[in-house]
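One structure is given here, and the rest of the page talks about it.
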Amino acid sequence: MKNSANILICGVGGQGVLLFSDVLSGAALAAGLDVKKSEVHGMAQRGGSVTSHVRYAPKVYSPLIEEGTADFLVAFEQLEALRYLHFLSPKGRVLMDTLKVKPMPVLLGAAEYPKDVIERVKAGAKKVNVVEAFKKAKELGETRAQNVVMLGALSRLLGIPEATFQDVIRQNVKAKFVDLNLKAFEAGRKLLE
Amino acid sequence: MSKKLLTGDEAIAQGAWEAGCRVAAAYPGTPSTEILPALVKYPDVYCEWSTNEKVALEVGLGAALGGARSLVTMKHVGLNVAADPLFSSAYIGVNAGLVIVSADDPGMHSSQNEQDNRWYGMSARIPVLTPSDSQEARDFTRLAFELSEEFNVPVILRITTRIAHSKTVVDVEERKAAPARTYAKNFAKTNLLPSNARPLHRSLEERMERLLEFNNTKGPNRIEEGRKNFGVIADGVAYQYAREVFPRASFLKLGMVHPFPAETVRRFAQGRKKLYVVEETDPFLELQIKALGIKVIGKDQLPMLDELNPRIVRNSLSAAGSQSEVRSPQTGIPPRPPALCPGCPHTGVFYLLQRKEVIVTGDIGCYTLGSYPPHSAMDTCVCMGASITVGHGIEKALPPDDKRRVVTMIGDSTFFHMGLPGLVNTVYNKGNSITILVDNRTTGMTGHQDHPGTGKTLMGQPAKELDVAQVCKGLGVEKVHVIDPYRIKENRALFRQILSEPGPAVIVSRRPCALLVKRDAPKRVVPEECNGCKLCLQLGCPAMSFVDEKVVIDESLCGGCAMCVELCARKAIV
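Same order as they appear, the protein sequences are chains A and B.
Quick note on this note's numbering: the first sequence kicks off at 1 and runs consecutively.
Quick note on this note's numbering: the second sequence kicks off at 194 and runs consecutively.
So, in structure tokens, the structure goes:
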């Protein structure tokens with residue numbers, strides 16, 4: 001098991017980036033590692049671009065990932081993957097959803113949503129997994145479970161046991177949503193079979 | 194003892210609870226907001242949302258004098274509001290401990306300025322602790338209560354956004370009862386008549402002398418020995434970045450930065466060929482180190498603007514010889530600025546404003562986002578409460594032939610915070626401005642905290658629900674209108690009428706925050722009916738976009754507010 005990772009998670013305010021990183025860092029702690037996660041609350045959450053930095057290792061100092069050193073870039077939205085691609089290390093891997101959410105300048109016609117986002121991400125990273133997590137969550141009847149589907153997919157790529165994630169999900173979500181989230185997690189794991 | 198993953202804010206709540214804190218007061222402000230909602234979950238602590246930071250600090254001081262360990266929390270600019278009682282409280286000191294959390298926001302993630310509140314400690318003669326992770330946030334909170342009582346002075350715990358909002362591992366313990374203290378009248382201590390204040394000032398300087406000795410001998414500072422000739426002095430989160438970038442250097446990590454532990458620094462600096470000081474925002478430590486005659490590299494290479502990160506530390510302090518090679522960010526990516534939510538009641542008000550030749554002075558809250566396109570409906574944003582007052586000033590400056598009206602826009606929570614004196618001023622001084630009080634029944638931007646208008650306290654108890662319209666009438670405003678911002682057509686006529694009459698007037702735009710109410714069924718566009726006029730897009734609703742010459746509504750985002758339905762002349766939205 002690889003016992004350290006820098007994971008940058010990005011998305012749009014309201015997509016559940018924060019719950020994702022809470023469960024991920026909780027799982028790293030449960031696996032006996034030092035862990036730090038950092039994000040910013042407040043104004044950015046109102047539909048803005050949101051990131052969360054998660055770092056775990058036997059000992060972690062900086063809560064922030066340095067550009068060019070992320071082992072994983074997890075993107076809940078295409079454009080956000082491109083926006084933060086420079087954080088990825090040369091050997092790093094991108095895990096991204098195909099979902100597109102148009103930012104306000106695009107909605108207003110002041111800018112265009114780039115057409116070739118996935119191609120550009122693939123040109124900038126050696127390892128890229130493109131998944132349909134939002135679509136999968138919609139099939140499960142709850143688009144807000146996109147984040148946990150993504151977590152399931154990521155869990156395939158990390159050294160932390162599956163059961164540890166499941167335990168932490170149980171601790172972090174309300175009782176009535178536990179089943180849905182465990183299902184979403186499982187569906188996410190299947191995306192990277 | 195057990196381990197928990199806590200944000201700095203949560204760790205402060207944990208530390209305060211362990212320390213036996215019994216009273217806590219705050220006004221919400223990023224990044225400090227989450228401390229009290231975390232603390233109120235613990236038993237046996239009275240917590241309140243005070244109306245502003247000055248009020249909160251005075252409540253905290255009173256509680257500390259009354260015998261309860263007290264915690265007061267605020268964002269950096271909140272301490273400006275509370276600066277008056279801050280300076281006085283240093284003279285008076287405490288009975289039970291008083292800890293003041295100042296949460297600074299380098300980088301201005303959610304603030305109007307970046308300021309370094311370590312200076313307040315120096316200026317007001319108050320000790321300042323600067324934790325560098327959540328463990329220290331918890332530890333230093335406990336220490337702060339002890340120091341406050343031992344040295345009879347309030348203590349500032351200064352955190353920054355990265356400390357407040359980062360989760361790190363914390364060892365936690367159970368609560369210990371604080372030493373019992375009772376209230377007894379002490380005129381010479383607590384009544385700042387000049388005859389009392391003079392000896393209290395002398396006593397304060399003496400208290401700081403003793404604190405200085407404590408900090409040099411037993412302060413929460415530590416030396417981590419690495420290479421003999423290369424030293425780094427750092428505090429707060431800057432320490433973590435520097436530790437990451439210079440793994441082999443020797444470190445002096447400071448935890449208590451005021452009173453400045455000169456002897457400790459001198460000892461550490463001795464014999465180091467190269468010495469860096471790594472700190473965020475201002476050269477607070479650097480100036481004091483240089484005043485000792487010690488040569489140190491700091492803000493001549495590190496930026497004073499924005500927050501630091503490992504890359505900036507690495508690349509600024511180039512003498513480290515380890516410039517990181519970093520790929521550049523991709524270009525041609527449209528920005529994703531924050532926006533008002535779909536169905537936000539403020540949208541209806543901005544729609545009216547963007548079509549009028551008026552001067553709009555704004556305030557602090559979600560509605561500040563109305564400054565961005567498509568609304569671009571706000572000329573100024575200064576500080577809490579400054580909409581009404583700055584607007585009054587502009588109005589007084591306009592020449593008689595300038596017929597533009599001044600509209601001042603303020604939220605309900607901000608109105609209770611600092612809008613009241615401004616509105617009284619406008620009434621008293623024959624102002625003519627029109628105040629739009631956007632009453633969304635919550636403190637929106639910081640995440641929905643209660644306030645005097647919501648009818649509920651932080652403890653979850655029902656409270657007197659102050660009606661802002663009644664309050665405005667009580668302050669002497671004769672023209673007070675209450676509108677529903679969703680009724681755009683109706684409001685347009687009323688707004689035109691109000692603009693044609695002399696002020697002052699208040700329009701209370703009342704509707705709860707869209708995030709707090711159950712959403713209605715989403716609206717949709719009938720493509721055959723839409724002629725692509727884009728009138729509805731002027732609402733700036735994030736659920737609406739323009740695809741193939743037609744408007745499209747994203748049903749996963751739309752809450753069915755129907756403002757667009759009202760605007761569409763072709764009835765193409767149903």
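Quick reminder that beta carbons are idealized off the backbone N, C-alpha and C, glycines included.
Go through its chain and collect everything with a Cβ distance to residue i's Cβ below 7 Å, but skip five positions before and after it.
i	result
SER341 (chain B)	VAL287, GLY290, LEU291, VAL292, PRO347, VAL348
LYS176 (chain A)	none
THR619 (chain B)	ILE581, HIS585, SER626, PRO697
LYS122 (chain A)	VAL128
GLY48 (chain A)	GLY13
ASN345 (chain B)	GLY286, VAL287, ARG400
Tell whether a beta-carbon distance below 8 Å holds between residue i and residue j.
i	j	result
PHE477 (chain B)	ASP309 (chain B)	yes
LYS168 (chain A)	ALA27 (chain A)	As written in the sequence, residue 168 (chain A) is Val, which differs from the Lys given in the question. In contact: VAL168 (chain A) and ALA27 (chain A) (Cβ atoms closer than 8 Å).
ALA249 (chain B)	VAL265 (chain B)	yes
ALA330 (chain B)	PRO324 (chain B)	yes
VAL54 (chain A)	LEU24 (chain A)	yes
VAL631 (chain B)	HIS539 (chain B)	yes
ASP237 (chain B)	ARG215 (chain B)	yes
TYR284 (chain B)	HIS394 (chain B)	yes
LYS127 (chain A)	VAL74 (chain A)	no
PRO58 (chain A)	ASN3 (chain A)	yes
ASN684 (chain B)	LEU546 (chain B)	no
MET571 (chain B)	GLY558 (chain B)	no
VAL489 (chain B)	ALA435 (chain B)	no
VAL363 (chain B)	GLN328 (chain B)	yes
CYS729 (chain B)	LEU760 (chain B)	yes
ARG704 (chain B)	ASP677 (chain B)	yes
LEU445 (chain B)	ASN414 (chain B)	yes
ALA145 (chain A)	ALA81 (chain A)	no
ARG644 (chain B)	ASN245 (chain B)	According to the sequence as given, residue 644 (chain B) is His; it is not Arg. It is not a contact, given that the beta carbons lie outside the stated cut-off.
Below 8 Å CB to CB, which residues in the same chain sit around residue i once its five sequence neighbours on both sides are set aside?
i	result
GLY162 (chain A)	Checking the sequence, you will find Glu at residue 162 (chain A) rather than Gly. Correct list, in chain order: SER155, ARG189.
GLN642 (chain B)	PRO221, THR226, PRO230, TRP242, SER606, THR635, THR636, LEU651
PRO496 (chain B)	ILE505, SER509
VAL106 (chain A)	GLU112, TYR113
ILE691 (chain B)	ILE627, LYS672, HIS674, ALA698, ILE700
Tell me, to the nearest whole angstrom, how far the beta carbon of residue i is from that of residue j; I am working on the premise that it is less than 8 Å.
i	j	result
LYS37 (chain A)	SER52 (chain A)	6 Å
ALA153 (chain A)	ALA133 (chain A)	7 Å
GLU112 (chain A)	ASP97 (chain A)	Not quite, the Cβ-Cβ distance comes to about 20 Å (not below 8 Å), so this is no contact.
ARG768 (chain B)	ASN422 (chain B)	In the structure displayed, chain B extends from 194 to 767; residue 768 (chain B) sits before or after that span and is not available.
CYS757 (chain B)	LYS716 (chain B)	7 Å
ILE629 (chain B)	VAL542 (chain B)	6 Å
ALA187 (chain A)	VAL130 (chain A)	Not confirmed; about 16 Å, so no contact.
ASP499 (chain B)	GLY300 (chain B)	5 Å
VAL321 (chain B)	ARG335 (chain B)	Not a contact, Cβ separation roughly 16 Å.
CYS240 (chain B)	ALA217 (chain B)	5 Å
GLY578 (chain B)	GLY612 (chain B)	5 Å
GLY213 (chain B)	ALA337 (chain B)	That belief does not hold up - the Cβ atoms of GLY213 (chain B) and ALA337 (chain B) are roughly 13 Å apart, past 8 Å.
LYS102 (chain A)	SER738 (chain B)	6 Å
LYS247 (chain B)	ALA219 (chain B)	Contact doesn't hold; Cβ gap of about 12 Å is too wide.
Spatial neighbours of residue i within its chain, please: C-beta separation below 6 Å, excluding the five flanking residues on both sides.
i	result
GLY259 (chain B)	TYR376
GLN154 (chain B)	Lying outside 194 to 767, the shown extent of chain B, residue 154 (chain B) is not represented and no answer is given.
VAL617 (chain B)	LEU668
GLU67 (chain A)	HIS86, PHE87
THR184 (chain B)	Since the displayed chain B opens at 194 and closes at 767, residue 184 (chain B) lies outside it and no answer follows.
Are three or more beta carbon pairs between the stretch 426 to 436 of chain B and the stretch 352 to 362 of chain B nearer than 8 Å? yes
Can you list the beta strand (DSSP E) stretches of 3 or more residues lying completely in the stretch 590 to 678 of chain B, in chain order? 598 to 604, 627 to 632, 672 to 676
Should the stretch 594 to 603 of chain B be regarded as contacting the stretch 541 to 558 of chain B, the criterion being three or more beta carbon pairs within less than 8 Å? yes
Specify whether the stretch 527 to 536 of chain B and the stretch 647 to 667 of chain B touch according to this definition: at least 3 beta carbon pairs, one from each stretch, less than 8 Å apart. no
Any contact between the stretch 376 to 385 of chain B and the stretch 411 to 427 of chain B? By contact I mean 3 or more CB pairs, one from each, below 8 Å. no
Three or more C-beta pairs under 8 Å: does that hold for the stretch 719 to 727 of chain B against the stretch 499 to 506 of chain B? no
Length at least 3, wholly inside the stretch 57 to 96 of chain A: the beta strand (DSSP E) runs in chain order: 70 to 75
Looking at C-beta atoms only, is the number of pairs between the stretch 752 to 767 of chain B and the stretch 695 to 712 of chain B that lie closer than 8 Å three or more? yes
At what residue ranges does the stretch 367 to 431 of chain B contain a whole run of the beta strand (DSSP E), taking only runs of 3 or more? 415 to 417, 420 to 428
Stretch pair the stretch 229 to 246 of chain B + the stretch 648 to 658 of chain B: three plus CB contacts closer than 8 Å: yes
Count the C-beta pairs between the stretch 470 to 488 of chain B and the stretch 446 to 461 of chain B that are closer than 8 Å, then say yes if the count reaches three, no if not. yes
With a floor of 3 residues, list each beta strand (DSSP E) that falls wholly inside the stretch 250 to 296 of chain B, ordered by position along the chain. 263 to 268
What are the complete alpha helix (DSSP H) segments, minimum 4 residues, inside the stretch 336 to 364 of chain B? 354 to 358
Runs of beta strand (DSSP E) lying entirely within the stretch 200 to 254 of chain B, each at least 3 residues, in chain order: 216 to 219, 239 to 242
Beta strand (DSSP E) runs wholly inside the stretch 110 to 160 of chain A, at least 3 long, in chain order: 127 to 131
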